[in-house]
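**Student:** Under full-length UniProt numbering, residues 1 to 685 are what the sequence shown spells out, in order.
Glycine residues also receive a C-beta, built at the ideal position from the N, C-alpha and C atoms.
Note that the coordinates shown come from a computational prediction; the quantities given were computed from them, not determined experimentally.
One structure is given below, represented as structure tokens, and several questions about it will come after.
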Amino acid sequence: SNRPKQKQKNSKKKKLLKPVSIERFSKMGTEDYTFPQGAEELQRRHHTVEAPKPQPFLKSLQYSVKETLFPDDPFRQFKNQNASTKVVLGLKYFFPIFEWAPHYNFKFFKSDLIAGITIASLAIPQGISYAKLANLPPILGLYSSFVPPLLYAVLGSSKDLAVGTVAVASLLTGAMLSKEVDAEKDPKLYLHLAFTATFFAGVLEASLGIFRLGFIVDFLSHATIVGFMGGAATVVSLQQLKGIFGLKHFTDATDVISVMRSVFSQIHQWRWESGVLGCGFLFFLLSTRYFSKKKPKFFWVAAMAPLTSVVLGSLLVYFTHAERHGVQVIGNLKKGLNPLSVSDLIFTSPYMATAVKTGLITGIIALAEGIAVGRSFAMFKNYNIDGNKEMIAFGMMNIVGSFTSCYLTTGPFSRSAVNYNAGCKTAVSNIVMAIAVMFTLLFLTPLFYYTPLVVLSAIIMVAMLGLIDYQAAIHLWKVDKFDFLVCMSAYVGVVFGSVEIGLVVAVAISIARLLLFVSRPRTAVKGNIPNSMIYRNTEQYPSSRTVPGLLILEIDAPIYFANASYLRERIVRWIDEEEERVKQSGESSLQYIILDMSAVGNIDTSGISMMEEIKKVIDRRALKLALANPKGEVVKKLTRSNFIGDHLGEEWMFLTVGEAVEACSFMLHTFKAEPASSKEPWNNV
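So, in structure tokens, the structure goes:
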């Protein structure tokens, strides 16, 4: 009013800039208003955050199911194919043998033949040893190395996996079944329970593969498996002291205290003949193992050592009549192929519950080990295996195995490593191994009569050393202390408790950690990297600088009911701390809160309620809330809940943190805020 001439002069121009909200600022055109310097450029650079187009419910559900259960999109290859091609592709998908068999040649067969014979020389003594570990007749170890490998060769997708029994699953089977039935007093019932447990393990494994639920196995983390396998290997090794010292009576418990008490309480029953023989073969097996590690080209030396030990031990016992001097031998092995055992399965109480429990636990452990081993060797040869196909293959070979006098089988690491080092090309190596075992069952089983049990104990102890991966434990300590805690919890639980206790403790801690991650997501203050438009965590990048008048917060997880309360309290605390810091330092007062939503992939109704509460808290403090880079699913739900329309406003959503900072900084230096009681506190120039 004091400058009428200037006012009259300006009236000839476009309309003067009048009080506007940021919403009107972002939408109005330059032909109607004269902006302060820089506003037109800011408006041009501002990008609108768009919500995804609404989809029909069925289509949205189909997409969610596909992303959850079919992340690899197995049906992609069937698109735009005629009926006959789809049939061929279907056969290749469900029976991987049809995929590689047409391209099989004599060169591949030579490699697979050598590998198959090599792993057979390991499978025969290991099979007999592990069957004894499960308190089962030794012949079952050979049965389990005949039928399952044939099925895996047809259904499995790994080129390197060698199928057979494993020590940990054998130990679990023996420990869990022995609690209900004494294998010595009622061997027939015990045997039938072992077949039934194998059947339920196969049903579980096949079901997980068919229904694409393999992610359940992922709850057994790498740290859990390292600790569990190490603990089981320690327990198995200590239990072999029974065979080394020639003890006839031994504890059924698996914890180290019970085992050592059982060993040293029977010192007067130790057989020096058995001890000398055991130590001699331990030295021989460890020496060959060390030699093969130093000279990888001579891997076959360690692979042939177990069978060589069996042959040498049998000859030694036969010629010295050591069985008459306290050296226990296997005895008679039934000649012939696997007898049918369908009628032996038990589906009635009171033992069915034990069989189901044993089958589920051993099935999960065997599945986790087999898939981990298969993926490891697939990575070495640069090809992929389908985890769900592997589950189906393991499940079917255990279901059929339970019908043919086999107990639980999977892909053991030691046998697969020998198969890999022997240069196998396809799953034909499993077929060669099965044929070698079949030949043994038909003609050679009488030769194992004089095989000393102490040799089998030595074979198991040496095999277990490979499962105690102390280097992996050291790596866990260096990288992640919590993973190391999980690993050691599993190890201690198995060694000082039982196999089941160790497994439950490790899985419980892993799930607790998962819940901790979900319920306590990371939040951080972001600052600007000098001479850039990049904003990063100020703790990670100390050189980054906070923007005066702005607080940029990063949320590193989806917002769910489990973490909504924590995030509300943490965000309010960040605001309180920033206001105190500003007050003490004398900097510009806090005006804007920017939430970086880049890592927030989803939000539920509890999360939306939390956002509404945060908005009210910020409004009461005469501050303004802005969202940067909200994801499509988040924008969709915030729009449907009317949070954006009724509380936030579309103008307060930005595509990047940089745009949000630019807009807020512009308004901070251009507009002056009214009192917090105003309905539109940002409508002033």
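Once DSSP output is grouped into helix, strand and coil, what is the label at Asn537?
**Tutor:** In the structure shown, Asn537 sits in a strand (DSSP, three-state: E or B).
**Student:** One question on the structure: do Ser595 and Leu623 come within less than 8 Å of each other, judged by their Cβ atoms?
**Tutor:** Looking at the sequence shown, residue 595 is not Ser but Leu. No. Outside cutoff.
**Student:** If you compare alpha carbons, which of Ser258, Val236, Ile257, Ser262 is closest to Leu247?
**Tutor:** Considering only alpha carbons, the answer is Ser262.
**Student:** From which residue to which residue does the alpha helix (DSSP H) around Asn398 run?
**Tutor:** Asn398 -> alpha helix (DSSP H) spans 387-403.
**Student:** I want to know whether the region 401-421 touches the region 331-347 - three or more CB-CB distances under 8 Å.
**Tutor:** Enough Cβ pairs lie closer than 8 Å, so yes.
**Student:** Answer with buried or exposed for Pro542, where buried requires no fewer than 16 other C-beta atoms within 10 angstroms of its C-beta.
**Tutor:** Classification for Pro542: exposed.
**Student:** Span of the alpha helix (DSSP H) holding Val582?
**Tutor:** Run containing Val582: 564-585, per the alpha helix (DSSP H) assignment.
**Student:** Give every residue of the same chain whose Cβ lies closer than 6 Å to the Cβ of Pro548, excluding the five residues on either side of it in the sequence, and list them in chain order.
**Tutor:** Excluding positions up to five away in sequence, the list reads Glu587, Ser588.
**Student:** Spell out a yes or no on whether the region 164-178 and the region 318-329 are touching, meaning 3 or more CB-CB pairs, one atom from each, closer than 8 Å.
**Tutor:** With the cut-off at 8 Å, the region 164-178 and the region 318-329 do not touch.
**Student:** Distance check for Ser341 and Pro137, CA to CA, integer angstroms please.
**Tutor:** C-alpha separation (whole angstroms): 14 Å.
**Student:** Using 8 Å for Cβ pairs, my map puts Ser274 next to Val454. What's the rounded Cβ distance?
**Tutor:** The Cβ separation is near 5 Å, so the contact holds.
**Student:** Using CA atoms only, rank isn't needed, just tell me which of Ile431, Leu220, Tyr152 is closest to Phe95.
**Tutor:** The residue with the shortest Cα to Cα distance from Phe95 is Tyr152.
**Student:** From the DSSP output, in three-state form, read off Met352 for me.
**Tutor:** Three-state result, Met352: helix.
**Student:** For chain B, check one thing: does any of its Cβ atoms lie closer than 8 Å to the Cβ of Asn338?
**Tutor:** The chain labelled as chain B is not found in the depicted structure, where only one protein chain is given.
**Student:** Closer than 6 Å by C-beta to Gly335: which residues in its own chain qualify, once you throw out the five before and the five after it? Chain order, please.
**Tutor:** Inspection of the sequence shows that residue 335 is occupied by Lys rather than by Gly. Result list for Lys335: Thr445, in chain order.
**Student:** With 16 as the cutoff for other CB atoms within 10 Å, does Lys660 come out buried or exposed?
**Tutor:** Note on identity: in this sequence residue 660 is Ala, with Lys being the wrong assignment. Answer is buried; the Cβ neighbour count reaches 16.
**Student:** Ordered along the chain, which non-local residues of its own chain (more than five positions away) have a Cβ less than 6 Å from that of Ser170?
**Tutor:** For Ser170, where only same-chain residues beyond five positions count, the Cβ hits under 6 Å are Tyr130, Leu133, Ala134.
**Student:** Please report the residue range of the alpha helix (DSSP H) in which Thr605 lies.
**Tutor:** From DSSP, the alpha helix (DSSP H) with Thr605 extends over 605-620.
**Student:** So what does DSSP say about Glu554, is it helix, strand or coil?
**Tutor:** Of the three classes helix, strand and coil, the one that applies to Glu554 here is strand, per DSSP.
**Student:** In terms of residue numbering, what span does the beta strand (DSSP E) encompassing Leu625 cover?
**Tutor:** Its beta strand (DSSP E) spans residues 624-628.
**Student:** Under the three-state reduction of DSSP, which class applies to Tyr592: helix, strand or coil?
**Tutor:** Note: Tyr592 maps to strand in three-state DSSP.
**Student:** For Ser309 versus Leu285, is the C-beta distance shorter than 8 Å?
**Tutor:** A contact, by the Cβ cut-off of 8 Å.
**Student:** Can you find the residues in the same chain that come closer than 8 Å, C-beta to C-beta, to Val507, ignoring five residues on each side of it along the sequence?
**Tutor:** So the list reads Phe219, Leu220, Thr224, once near-sequence residues are dropped.
**Student:** Within this structure, are the beta carbons of Phe413 and Glu205 separated by less than 8 Å?
**Tutor:** No, they are not a contact pair.
**Student:** Determine the extent of the beta strand (DSSP E) in which Asn430 is found, giving its start and end residues.
**Tutor:** Here Asn430 belongs to no beta strand (DSSP E); instead the alpha helix (DSSP H) covers 428-439.
**Student:** Look at the alpha carbon of Asn384 and the alpha carbon of Ala378, and state the distance between them as a whole number of angstroms.
**Tutor:** Going from the Cα of Asn384 to the Cα of Ala378 covers about 6 Å.
**Student:** Based on the DSSP output, what are the partners of Lys526 in its beta bridges?
**Tutor:** Answer is Asn537.
**Student:** CB-CB under 7 Å to Gly387, same chain, minus the five flanking residues each way: which ones, in chain order?
**Tutor:** Excluding residues within five positions, the ones whose Cβ falls inside 7 Å are Gly214, Ile371.
**Student:** Tell me whether the region 263-282 and the region 77-93 touch, counting them as touching only if at least three CB pairs, one residue from each stretch, are closer than 8 Å.
**Tutor:** The region 263-282, when compared against the region 77-93, does not touch it at the 8 Å Cβ threshold.
**Student:** Is the beta carbon of Gly331 sitting closer than 8 Å to the one on Ala201?
**Tutor:** No, the pair does not count as a contact, with Cβ atoms beyond the cut-off.
**Student:** Label Val168 either buried or exposed according to how many other C-beta atoms from any shown protein chain fall within 10 Å of its C-beta, with 16 as the threshold for buried.
**Tutor:** Buried is the call here.
**Student:** Report the rounded CA-to-CA distance for Asn382 versus Lys425, giving the unit in angstroms.
**Tutor:** Distance between the alpha carbons of Asn382 and Lys425: 13 Å.
**Student:** Taking the beta carbon of Gln239 as the centre, do at least 16 other beta carbons fall within 10 Å, making it buried, or is it exposed?
**Tutor:** With 16 or more Cβ atoms within 10 Å of its Cβ, Gln239 is classed as buried.
**Student:** With a 10 Å radius around its C-beta and 16 neighbouring C-beta atoms as the bar for buried, classify Ile128 as buried or exposed.
**Tutor:** Buried, since its Cβ has 16 or more Cβ neighbours within 10 Å.
**Student:** Whole-angstrom Cβ separation of Val181 and Leu189, contact assumed at under 8 Å?
**Tutor:** Between Leu189 and Val181 the Cβ distance is about 5 Å, and since that is below 8 Å, they are a contact.
**Student:** Given a cut-off of 8 Å on the beta-carbon distance, is the pair Met610 and Ile575 in contact?
**Tutor:** No. Outside cutoff.
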